[in-house]
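To keep things clear, I will list the structure first and then write my remarks on it.
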């Protein structure tokens with residue numbers, strides 16, 4: 002029950018607006034690009050130095066000099082521009098990117114995010130995640146509601162943070178929450194996925210949250 | 019002043035020392051100075067600290083310098099693609115300092131621009147901020163990060179002229195331009211060697227002042243880490259061409 006990975010991506014795509022510059026993380030967030038509404042101008046940013054990229058290349062047309070931040074071969078489109086990593090993160094840290102959609106291991110009710118390391122396991126590094134959550138105007142997390150029956154929406158993150166008070170919205174397979182990260186107004190459940198119930202969400206959520214009157 | 023050297027080994031002659039700090043351009047395997055890395059392996063210098071966004075993959079790029087245990091410490095943002103790295107790290111043979119990718123890029127840019135430190139929101143409230151000076155600016159927490167300067171920077175460019183003016187190609191630009199500015203000595207490998215005047219001055223990304231030595235690497239073999247493609251769809255009837 003609830004949303005599939007693709008349906009979560011489709012729900013996340015509803016946060017897109019015409020003219021947005023958007024950075025998508027690896028995994029479910031990448032799928033969001035399949036749901037950009039026709040006629041809407043959305044430019045995707047890749048933090049290795051590209052703004053505006055197209056689909057994967059046709060077989061035989063892969064270019065080793067043309068990759069996205071996941072190191073996958075991609076293509077150029079008429080709006081494409083290239084720049085250095087410093088310019089790329091100036092764009093990100095300077096607040097010029099409108100929306101970042103990324104995955105998470107844990108999110109806390111105050112907007113804290115943990116998605117880069119598990120102590121005791123081999124750490125791969127945070128890549129650009131800390132910069133994205135610190136600098137992008139709106140941060141949307143897309144993740145499974147719980148992992149092996151352990152809640153991922155918590156009162157406080159137990160894993161090392163990627164950012165403190167950075168998440169604006171969480172989309173899980175069961176529903177959608179907003180977080181008032183600046184105002185300290187906490188977390189609110191605003192939508193239920195089809196088939197999900199308020200009781201199920203309550204039982205799988207450690208974080209305190211309000212339920213929107215609409216529900 | 020002759021900046022062009024006959025091969026990678028000659029371009030690095032006299033510059034390599036044990037224990038030095040080297041910046042190496044590239045993102046994944048895209049835009050890495052591979053021939054210069056091979057020459058460093060051949061030279062055998064050890065205890066290197068290497069600043070690079072990643073550490074190659076097993077047997078390719080900086081991964082080559084892991085095989086020979088020439089690297090003591092990496093300063094990177096992500097090293098997930100390398101088994102040798104994990105083995106050496108878990109065995110205590112290799113140190114890693116993780117920097118957020120934008121902080122890493124900016125530390126290099128700052129180093130090259132003579133800026134010893136800067137404040138950023140990135141990492142505030144995380145373990146990246148521990149032990150660093152922190153300051154509240156305009157009501158938000160910021161972390162002080164230091165500029166980075168290298169004993170040697172090695173970069174890869176698409177075109178370069180004999181003056182050292184460089185142009186990069188597509189996403190192979192990445193960390194190369196900042197690293198070119200942040201090396202006490204910068205050596206560039208270039209795919210196409212041009213004469214002064216051949217490159218439109220408006221198109222030059224790295225002015226020659228930053229580049230001390232050049233090596234021409236025509237037919238450089240390039241690697242793809244994640245080959246992702248789509249299938250060609252059949253042409254609509256009657257169009258007679260592929261769409």
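Chains as they are written, first to last, in the numbering used here: chain A, 2 to 216; chain B, 19 to 261.
Every residue, glycine too, gets a C-beta built ideally from N, C-alpha and C.
At a cut-off of 4 residues, the continuous stretches assigned as alpha helix (DSSP H) that sit fully inside the region 107-178 of chain B are 119-130.
The three-state secondary structure of residue 136 of chain A, taken from DSSP, is helix. Neighbours of residue 195 of chain B in chain A, taken as residues at a C-beta separation under 7 Å, are given in chain order as 85.
Under the criterion of beta carbons closer than 8 Å, residue 22 of chain A and residue 110 of chain A do not qualify as touching, at roughly 29 Å. By the criterion of a C-beta distance shorter than 6 Å, residue 29 of chain B is surrounded in its chain by 23, 205, 231, 233, once the five residues flanking it on both sides are discounted. Distances from the CA of residue 87 of chain B to each of B:108, B:63, B:117 were compared; the closest alpha carbon is that of B:63. When C-beta distances to chain B are compared with 8 Å, the residues of the region 162-173 of chain A below that value are 162, 163, 164, 165, 166, in chain order. Neighbours of residue 22 of chain B across chain A, judged by C-beta separation under 8 Å, do not exist; the nearest C-beta is about 23 Å away.
CA-to-CA, the gap between residue 120 of chain B and residue 192 of chain B works out to about 11 Å. Here residue 248 of chain B carries a strand assignment [DSSP, helix/strand/coil]. As far as DSSP is concerned, residue 124 of chain A takes part in no beta bridge. The way I'd put it, the region 196-208 of chain A doesn't touch the region 32-48 of chain B; fewer than three beta-carbon pairs between them come closer than 8 Å. Cβ contact annotation for residue 42 of chain A (same chain, cutoff 7 Å, sequence separation greater than five): 19, 20, in chain order.
In this structure, residue 170 of chain A sits near residue 141 of chain A, with a CB-CB distance shorter than 8 Å. In terms of Cβ geometry, residue 65 of chain B and residue 94 of chain B do not form a close pair [threshold 8 Å]. For residue 127 of chain B against residue 14 of chain A, the beta-carbon gap comes to about 34 Å, at or over 8 Å, which does not count as contact. The beta carbon of residue 160 of chain B is closer than 8 Å to those of 137, 138, 139, 142, 152, 153, 154 in its chain, skipping five residues each way along the sequence. Listed as beta-bridge partners of residue 231 of chain B by DSSP are B:205. Sequence-distant Cβ neighbours of residue 224 of chain B in its own chain, meaning closer than 6 Å and more than five residues away, are 184, 195, 198. Residues of the region 233-254 of chain B with a Cβ closer than 8 Å to any Cβ of chain A, in chain order: 240, 241, 242, 243, 244, 245, 246, 247, 248, 249, 250.
Taking residue 227 of chain B as reference, the option from B:209, B:98, B:202 with the minimal CA-CA separation is B:202.
Interface with chain B (8 Å Cβ-Cβ cutoff): residue 109 of chain A is excluded. Proximity of chain B to residue 93 of chain A at the Cβ level (cut-off 8 Å) is accounted for by 120, in chain order. If you draw a straight line from the Cα of residue 67 of chain A to the Cα of residue 133 of chain A, it is about 22 Å long.
Assignment of beta-bridge partners to residue 51 of chain A by DSSP yields A:47, A:83. Taking a cut-off of 8 Å on C-beta distances, the region 48-57 of chain A touches the region 68-86 of chain A, as three or more cross pairs fall below it. Interface annotation, residue 102 of chain B: not in contact with chain A, CB-CB separation never under 8 Å. In this structure, the straight-line span from the alpha carbon of residue 235 of chain B to that of residue 208 of chain B is close to 6 Å. Here residue 33 of chain A has 10, 13, 14, 25, 102 as same chain residues with Cβ atoms under 6 Å from its own Cβ, once five neighbours each way along the sequence are excluded. Contact between residue 131 of chain A and residue 163 of chain A holds: their C-beta atoms lie close to 6 Å from each other, under 8 Å. Residue 101 of chain B sits in a helix when the DSSP states are folded into three classes. Residue pairing of residue 211 of chain A in beta bridges, as defined by DSSP: A:189.
Among the residues facing chain B, residue 67 of chain A is included, as its CB has a counterpart in that chain under 8 Å away.
Taking C-alpha positions only, residue 77 of chain B is separated from residue 147 of chain B by approximately 34 Å.
Within chain A, the C-beta atoms nearer than 9 Å to that of residue 192 of chain B come from 49, 50, 85, 86, 89, in chain order.
Annotation for residue 56 of chain B: the continuous alpha helix (DSSP H) segment containing it runs 52-61.
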